[in-house]
Amino acid sequence: MVVPSYCCVCIRCVRSIGTNTRLQKQKKTGAGNMSSNVKTRFAPSPTGHLHVGGARTAIYCWAFARANEGKFLLRIEDTDQKRSSEQATAGFFEDLQWLNILWDEGPTFEKAGGGDEGPYFQAQRLPVYREQLQKLFDAGLAYYAFETQKELGEERKKAREEKRAYRYNRASLELSAEIIQQNLDEGKPHVVRFKVPEGGPLTMQDCVIGDVTVERSEVDDFVIFKGDGYPTYHFAVVVDDALMNVTHVFRGQEHLNNTFKHNLLQDALGFEHPTYAHMSLIFNPDGSKMSKRDKDKTLRKFVKENQIEKAPAGCVSDEAWATWQASKDNQLSTEDATHLSEALGVTLPEINVGDFKRAGYMPEVLLNYLCLLGWSPGNDVEQFDAAFLVENFSLDRIVKSPAKFDRAKLLAFNLDALQKLTSEEFESRLFSWCEVYAPKFAALENFALFASANHERSKTYKDSTETSHFLIEPDDEISWPESKPVKKALLKGEVTGLSRIPAIIDGLKSLEEWTNESIDACLHALADSLADGSLGKVAQPVRIAVAGGPVSPPIGDTLVLLGKESTLHRLERCHEHFASTCDV
RNA sequence: GGUCCCAUCGUCUAGUCAGGUCAGGACACCAGGUUUUCAUCCUGGGAACAGGGGUUCGAAUCCCCUUGGGAUCACCA
Numbered sequence: 268m269v270v271p272s273y274c275c276v277c278i279r280c281v282r283s284i285g286t287n288t289r290l291q292k293q294k295k296t297g298a299g300n301m302s303s304n305v306k307t308r309f310a311p312s313p314t315g316h317l318h319v320g321g322a323r324t325a326i327y328c329w330a331f332a333r334a335n336e337g338k339f340l341l342r343i344e345d346t347d348q349k350r351s352s353e354q355a356t357a358g359f360f361e362d363l364q365w366l367n368i369l370w371d372e373g374p375t376f377e378k379a380g381g382g383d384e385g386p387y388f389q390a391q392r393l394p395v396y397r398e399q400l401q402k403l404f405d406a407g408l409a410y411y412a413f414e415t416q417k418e419l420g421e422e423r424k425k426a427r428e429e430k431r432a433y434r435y436n437r438a439s440l441e442l443s444a445e446i447i448q449q450n451l452d453e454g455k456p457h458v459v460r461f462k463v464p465e466g467g468p469l470t471m472q473d474c475v476i477g478d479v480t481v482e483r484s485e486v487d488d489f490v491i492f493k494g495d496g497y498p499t500y501h502f503a504v505v506v507d508d509a510l511m512n513v514t515h516v517f518r519g520q521e522h523l524n525n526t527f528k529h530n531l532l533q534d535a536l537g538f539e540h541p542t543y544a545h546m547s548l549i550f551n552p553d554g555s556k557m558s559k560r561d562k563d564k565t566l567r568k569f570v571k572e573n574q575i576e577k578a579p580a581g582c583v584s585d586e587a588w589a590t591w592q593a594s595k596d597n598q599l600s601t602e603d604a605t606h607l608s609e610a611l612g613v614t615l616p617e618i619n620v621g622d623f624k625r626a627g628y629m630p631e632v633l634l635n636y637l638c639l640l641g642w643s644p645g646n647d648v649e650q651f652d653a654a655f656l657v658e659n660f661s662l663d664r665i666v667k668s669p670a671k672f673d674r675a676k677l678l679a680f681n682l683d684a685l686q687k688l689t690s691e692e693f694e695s696r697l698f699s700w701c702e703v704y705a706p707k708f709a710a711l712e713n714f715a716l717f718a719s720a721n722h723e724r725s726k727t728y729k730d731s732t733e734t735s736h737f738l739i740e741p742d743d744e745i746s747w748p749e750s751k752p753v754k755k756a757l758l759k760g761e762v763t764g765l766s767r768i769p770a771i772i773d774g775l776k777s778l779e780e781w782t783n784e785s786i787d788a789c790l791h792a793l794a795d796s797l798a799d800g801s802l803g804k805v806a807q808p809v810r811i812a813v814a815g816g817p818v819s820p821p822i823g824d825t826l827v828l829l830g831k832e833s834t835l836h837r838l839e840r841c842h843e844h845f846a847s848t849c850d851v
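Under the working numbering, the first residue of the first sequence is numbered 268, with each subsequent residue one higher.
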């Protein structure tokens, strides 16, 4: 079998740098009318949720494919039998779908999927990998290794102590054919390693970083087939990308060093090198890596600081709690973490796409913001939609340096986008969100008014419900914690707000029509007669009385939403409450 | 620790490849103003080329060193 020397011999590699600009020019000048062969892929491992870093990669893959009239492929890398789950896989489909990142090839899910180069689950491709592995055996580029993980672990530890990088020592390469056969016959656990060919320094090409070169000794004989009979990531990714005709590989920079291994494997297998684009990582504002562990860390910190000894009743089992507390390495399950955070009133950091969905962001905005973390269209353009992205996306504008995720800016973008929505769009989107995350609000009788009252003042859908919680509380459960603004509006001043309430009750009671206009007129009239025309002196006590706090939608909307009966009842209760506890 | 990557306002970035406008925008922040609360909205403001050497008439931009940050060194992907 012919083993090509590395890279630069294939057409695609020579062409790779700047491919996009060329293709785009073709497209725009109309010079190239045949559909391009560009194919990108997003290949998540279904071991958790789609997080923002992964989502950004998926968006870039998708945008690049669309920008070049190519295909976008989704492949599920589920070769880790222990950690992969169907539930996680479904979660990825849903999150991608929510962002409206649809794949042309891959597992079928609603409007996405298809293609005839599958299966697109790696766990179903064992025969394919075995066949390719045989090519390596035939070429003398693969060999069995019988060291146990424990032995290897000790070697590694030793290397660390001696302050050098660990490299596999090739001990199993020295084994005689007889010994190997004997081990195999005895069913001795084994892996298959790739034999790195002799040669000079290794150079990889990356169209965002540029060329990177390392000494060949930096790459050891890595494992390509695991003890459980499944291929490792390195082997499966190389085989699948080649067999599925992937031309451009976008991935996080944590894979940069892996690329040398992948290039070596591609050469050994006779595959072309795809074009690589390694993207910088996304960090938290404090500079730490944004990871799924952040939620666990937040909870742990809160529990420790508040010296909480056991979980609040009914949210986490004693057993799960004990395991969690036993070691920092034991993370709470997503469900338990959510329950615990709710019970403790801790806000968990948003990390996953699903977290932002739950927090009430628009998918278009998350997509927009994520794009901006590592790519910029120039010309001071920041807010754009998917169509603009597809029209303008290019590799040469991807930023090399890492970015910190700034929630304040995301929030500002979301506010802008929400405000651009028509009231009908806002209402329908808010309703869909409430159906899932705040069903009590979805059940509101006058939902249209609830939506319009909140449209202008909400940065997220969640804002709408959080500042209107009093709407779904029973009249008799409203309480009035004496915060500063509450005291100011009700108890302070020569004439207190509280003392005006009886007159306000009378005024409102006399209304025949209970509409925004009639209430408004009534309150203005009351303001004139009771407070020299200062509407705030009337409206604010009313707001506090009906809402239990100083924040609510505009007062007219608030009262219409509540209804006349509730409004009056709450005003009376509030007056009684303060009259009995205070000396007014 | 070895190897590799990265470096412009607090943050995301434009400008770097083809050296030459008081380094531009957005978010955040600060000060005013509008508003019945919160949120909006309007006006204004401060704010950066990590440091040091070169090359050049001229350096954010090209080269080198230092410093700082990050990734990686699995039978995880």
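From the three backbone atoms N, C-alpha and C, an ideal C-beta is built for every residue, glycine too.
For this session: Report the residue from S725, H844, T734, L697 whose alpha carbon sits nearest the alpha carbon of L757.
Result: Shortest Cα-Cα distance from L757 to any of S725, H844, T734, L697 involves H844.
For this session: Give a yes or no on contact between the stretch 695-703 and the stretch 671-681, applying the rule of three or more CB pairs nearer than 8 Å.
Result: The stretch 695-703 is not in contact with the stretch 671-681.
Problem set entry | Close beta carbons around D561, own chain, < 6 Å, minus the five adjacent residues each side | So the qualifying residues of the chain are P616, I618.
Exercise. Leaving out the 5 sequence neighbours to the left and right, which residues in its chain are closer than 8 Å to L531 when beta-carbon positions are compared?
Worked result: Closer than 8 Å at the Cβ level, and outside the excluded window around L531, lie Y273, F461, V463, P464, L469, V486.
For this session: Could you tell me the distance, in whole angstroms, from the CA atom of Y327 to the CA atom of V583?
Result: Going by the C-alpha atoms only, they are around 39 Å apart.
Exercise. Looking only at its own chain, which residues have a Cβ that is under 8 Å from the Cβ of R837, when we skip the five neighbours before and after it?
Worked result: Contacts found: D742, I745, A812, V813, L829.
Exercise. Which residues does DSSP pair with V459 in a beta bridge?
Worked result: DSSP lists Y411, F492 as the bridge partner or partners of V459.
For this session: Identify whether T542 lies in helix, strand or coil by the three-state DSSP scheme.
Result: T542 falls in the strand class under three-state DSSP.
Exercise. Do you know whose CA, among Q348, D773, D730, T542, lies nearest L678's CA?
Worked result: Comparing Cα-Cα distances from L678 to each of Q348, D773, D730, T542, the minimum goes to D730.
Problem set entry | Run of the beta strand (DSSP E) containing Q598, from where it starts to where it stops | No residue range can be given for Q598, since it is assigned to no beta strand (DSSP E) and is classified by DSSP as neither H nor E.
Exercise. Any idea what DSSP makes of I786, helix, strand or coil?
Worked result: For I786, the secondary structure class from DSSP, reduced to helix, strand or coil, is helix.
For this session: Express the C-alpha separation of W370 and G382 in angstroms, rounding to a whole number.
Result: Roughly 10 Å separates the two Cα atoms.
For this session: Leaving aside the five residues before and after L634 along the sequence, list all residues of the same chain whose C-beta is less than 7 Å from its C-beta, in chain order.
Result: Once the five neighbours on either side are set aside, the close Cβ partners of L634 are I326, L366, A653.
For this session: Work out the CA separation of N573 and V620 for me, nearest whole Å.
Result: Roughly 29 Å separates the two Cα atoms.
Exercise. Between the C-alpha atoms of A846 and R724, what's the straight-line distance to the nearest angstrom?
Worked result: Straight-line Cα distance between these residues: approximately 33 Å.
Problem set entry | Strand pairing of W370, partner residues [DSSP] | For W370, DSSP assigns no beta-bridge partner whatsoever.
For this session: Compute the beta-carbon to beta-carbon distance between R810 and T825, rounded to the nearest angstrom, for a pair I have assumed lies under 8 Å.
Result: About 7 Å separates the beta carbon of R810 from that of T825, a gap short enough to meet the 8 Å contact definition.
For this session: Assess, as a yes-or-no matter, whether the stretch 351-368 is touched by the stretch 535-553 under the definition of 3 or more beta carbon pairs within less than 8 Å.
Result: With a cut-off of 8 Å, the stretch 351-368 and the stretch 535-553 do not count as touching, because too few Cβ pairs lie within range.
Exercise. Got a sec, what are the start and stop residues for the alpha helix (DSSP H) G816 sits in?
Worked result: Under the DSSP assignment, G816 falls outside any alpha helix (DSSP H); it carries neither an H nor an E label.
Problem set entry | DSSP three-state assignment for W747, whether helix, strand or coil | Reduced to three states, the DSSP call for W747 is coil.
Exercise. Buried or exposed: where does I739 fall if 16 or more other Cβ atoms within 10 Å of its Cβ makes it buried?
Worked result: Looking at its Cβ environment, which holds fewer than 16 other Cβ atoms inside 10 Å, I739 is exposed.
Exercise. What are the start and end residues of each continuous alpha helix (DSSP H) run of 4 or more residues lying completely inside the stretch 724-774, in chain order?
Worked result: Along the length of the stretch 724-774, whole alpha helix (DSSP H) runs at least 4 residues long occupy 728-733, 751-757, reported in chain order.
Problem set entry | Neighbourhood of T605 by C-beta distance below 8 Å, restricted to the same chain and skipping five residues each side | Counting only residues of its own chain and dropping the five nearest sequence neighbours on each side, T605 has a CB closer than 8 Å to the CB of L615.
Exercise. Apart from the five residues just before and just after T514, which ones in its own chain have a Cβ nearer than 8 Å to its Cβ?
Worked result: Taken in chain order, the residues that qualify are R279, N304, V305, K306, T307, G337, P541, T542.
Exercise. Would you say V827 and I772 are within 8 Å of each other, going by their C-beta atoms?
Worked result: Contact flag unset, no.
Exercise. For P706, which option in S690, L688, D799, T732 has the closest C-alpha, if you only look at C-alpha atoms?
Worked result: For P706, the nearest C-alpha among the options comes from T732.
For this session: For the alpha helix (DSSP H) containing G621, list its first residue and its last residue.
Result: Where G621 is concerned, the enclosing alpha helix (DSSP H) stretches over 620-625.
For this session: Identify the continuous beta strand (DSSP E) that holds H515 and give its terminal residues.
Result: Counted as a single uninterrupted DSSP element, the beta strand (DSSP E) harbouring H515 occupies residues 515-519.
Exercise. T346 and Y500 look like a contact to me (Cβ under 8 Å); what is the Cβ gap, rounded to whole Å?
Worked result: Between Y500 and T346 the Cβ distance is about 7 Å, and since that is below 8 Å, they are a contact.
Exercise. Given a threshold of 16 other Cβ atoms within 10 Å of its Cβ, counted over all protein chains shown, does P456 qualify as buried or as exposed?
Worked result: Around the beta carbon of P456, a 10 Å sphere encloses fewer than 16 other beta carbons of the protein chains shown; the residue is thus reported as exposed.
Exercise. For H854, does the three-state DSSP call read helix, strand or coil?
Worked result: This structure gives no information on residue 854, because the portion of the chain shown stretches from 268 to 851.
For this session: Classify D478 as helix, strand or coil using the three-state DSSP reduction.
Result: In the structure shown, D478 sits in a strand (DSSP, three-state: E or B).
Exercise. What are the start and end residues of the alpha helix (DSSP H) that includes R560?
Worked result: Its alpha helix (DSSP H) spans residues 560-572.
For this session: Measure the alpha-carbon distance for L662 versus G320 and round it to whole angstroms.
Result: Cα-Cα distance, rounded: 17 Å.
Problem set entry | Residues bridged to I549 [DSSP beta-bridge criterion] | Answer is A670, bridged to I549.
Exercise. Alpha helix (DSSP H) containing F360: first to last residue?
Worked result: 353-365 is the extent of the alpha helix (DSSP H) around F360.
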